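Engineer: Take a look at this one; I'll ask things after.
Residue numbers (our numbering): 1099 to 1216.
Okay, here's the thing in structure tokens:
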């Protein structure tokens, strides 16, 4: 699996839609900026069929400085989170099952070839 950058996404969208890359870049950057602003305001962003962006509170807790061993208190804070929709989860799991199924079939084929050669 490879990491896909924002630039790679822009290029793929431009290729598939025929829109100019600069226009797509502007839209994506505006979307991400707005998403960040709304999360900072405390809003939850739900994109049906994809997932939900939200900020959740994380409780204060003690932690340890690894260099000194000193115990420090990490204050309560908000952390961004993302939860995939069930549609996306199902698609991901069906892809993994497909890939695993192909791997199993390949192993069965190679086992059959090995046994027939003997």
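Glycine included, each C-beta is placed from N, C-alpha and C at the ideal position. The structure displayed is predicted, hence computed values, not measured ones.
#1: What residues are listed by DSSP as bridge partners for residue 1179?
#2: Tell me whether residue 1124 sits in a helix, a strand or coil according to DSSP, three-state version.
#3: From what residue to what residue does the alpha helix (DSSP H) around residue 1110 run?
#4: Between which two residues does the beta strand (DSSP E) containing residue 1170 stretch?
#5: Give the single residue among 1149, 1161, 1110 and 1129 whose Cα lies nearest to the Cα of residue 1188.
Structural biologist: According to the structure shown:
#1: What you label residue 1179 is simply residue 81 of the chain shown in a count that begins at 1. DSSP, once it has assigned bridges, lists 1152 as partnering residue 1179.
#2: Here residue 1124 is taken as the residue at index 26 of the chain shown, counted from 1. Looking at residue 1124 - three-state DSSP - the assignment turns out to be helix.
#3: Start at 1 with the first residue of the chain shown, and residue 1110 comes out as number 12. Its alpha helix (DSSP H) spans residues 1104 to 1115.
#4: On the chain shown, residue 1170 is found 72 positions in, with the first residue counted as 1. Run containing residue 1170: 1169 to 1172, per the beta strand (DSSP E) assignment.
#5: Sequence index remark: in the chain shown, residue 1188 carries index 90 (1-based). Looking only at 1149, 1161, 1110 and 1129, the smallest Cα-Cα distance to residue 1188 is reached by 1149.
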